[in-house]
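Written below as structure tokens is the structure these notes are about.
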Amino acid sequence: MAGVRRETPLTKFNDLAKEWEKSVAQGTGRLTQIANANQKLSHADGESWAGLADAHALHTTLRHKLEREAHQSWQHLSTVLDQLGEILSKMRSLCLVEITPHKMDVDCNFCPTLSRVQHDLLFQELIEMYQQELMAKAMIAVDIVDCHDHDTAVVYIASWQMQPYVCKSRQDELLVLLAPPPKRESSQKLVK
Numbered sequence: 003m004a005g006v007r008r009e010t011p012l013t014k015f016n017d018l019a020k021e022w023e024k025s026v027a028q029g030t031g032r033l034t035q036i037a038n039a040n041q042k043l044s045h046a047d048g049e050s051w052a053g054l055a056d057a058h059a060l061h062t063t064l065r066h067k068l069e070r071e072a073h074q075s076w077q078h079l080s081t082v083l084d085q086l087g088e089i090l091s092k093m094r095s096l097c098l099v100e101i102t103p104h105k106m107d108v109d110c111n112f113c114p115t116l117s118r119v120q121h122d123l124l125f126q127e128l129i130e131m132y133q134q135e136l137m138a139k140a141m142i143a144v145d146i147v148d149c150h151d152h153d154t155a156v157v158y159i160a161s162w163q164m165q166p167y168v169c170k171s172r173q174d175e176l177l178v179l180l181a182p183p184p185k186r187e188s189s190q191k192l193v194k
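Okay, structure coming up:
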């Protein structure tokens, strides 16, 4: 049965991390839409409109359209944040046991080199990175709505994309520690 993958907490985590990245990319698009709408709003309020006497109705229509666009993008961004929260809660469910002293000696059946507590501690460190990142993204989502300076909005978008709280090198180290040791290939062939 080629192509069948054994489900372990590590494979589930990797799937959730991919889902996280996909949601982050969606959020980047929404942030960009909000930033563009806000920038257009600030340009629409510029001096060029004051010289046009008949442009008041057009200006008002434009403002409402841009405000509506920014609001809709923010609602979609809120949905992305909810998705990230759901992914984080699924990641949390990968922790096997609550840390209690009497369970320290129990081995994980999918990673025989770690006790359950060690396994949970490593997963919790990974999950903590994502939790801090989610909090930062929530603050960015709230702040960008009122941000009419395009340069600041670009910094928000870059911060969203860079994910400074998810340390990729540390994440790779933890994933190596959580991975079960590779199975040795048999050097002898079976003879019928």
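For the sequence shown, the positions run 3 to 194 when my numbering is used.
Ideal placement from N, C-alpha and C gives every residue a C-beta, glycine not left out.
None of these values were measured; they are calculated from a predicted model.
- A straight-line Cα-Cα distance of about 8 Å links Gly29 and Leu83.
- Bounds of any alpha helix (DSSP H) do not take in Val168, whose DSSP letter is neither H nor E.
- Under the three-state reduction of DSSP, Ser95 is assigned to coil, being neither helix nor strand.
- Around Gln134, the same chain offers Tyr167 as residues with beta carbons nearer than 6 Å, after the five sequence neighbours per side are excluded.
- Residue environment for Pro184: exposed (fewer than 16 other C-beta atoms within 10 angstroms of its C-beta).
- Judged by DSSP in its simplified three-state form, Arg8 adopts coil rather than helix or strand.
- Check the Cα spacing between Met164 and each of Lys20, Phe15, Leu12, Ala27: the tightest is with Ala27.
- In its own chain, leaving out the 5 sequence neighbours on each side, no residue places its CB closer than 6 Å to the CB of Leu177.
- Of the other Cβ atoms in all chains shown, fewer than 16 fall within 10 Å of the Cβ of Ser95; this residue is therefore exposed.
- Across the structure, Cys169 and His61 are spaced so that their CA atoms are roughly 46 Å apart.
- Cβ-Cβ distances below 7 Å link Lys14 to Leu96 in the same chain, with the five nearest sequence neighbours on each side left out; the list follows chain order.
- Counting only residues of its own chain and dropping the five nearest sequence neighbours on each side, Asp145 has a CB closer than 7 Å to the CB of Tyr158.
- Here the stretch 65 to 72 does not lie against the stretch 122 to 129, with fewer than 3 beta-carbon pairs under 8 Å apart.
- For a cut-off of 8 Å, the C-beta gap from Lys139 to Leu86 is around 7 Å, short enough to register as a contact.
- Straight-line measurement puts the Cα of His150 at about 32 Å from the Cα of Ala19.
- In terms of Cα proximity to Leu180, the closest of Lys24, Ala155, His121, Asp17 is His121.
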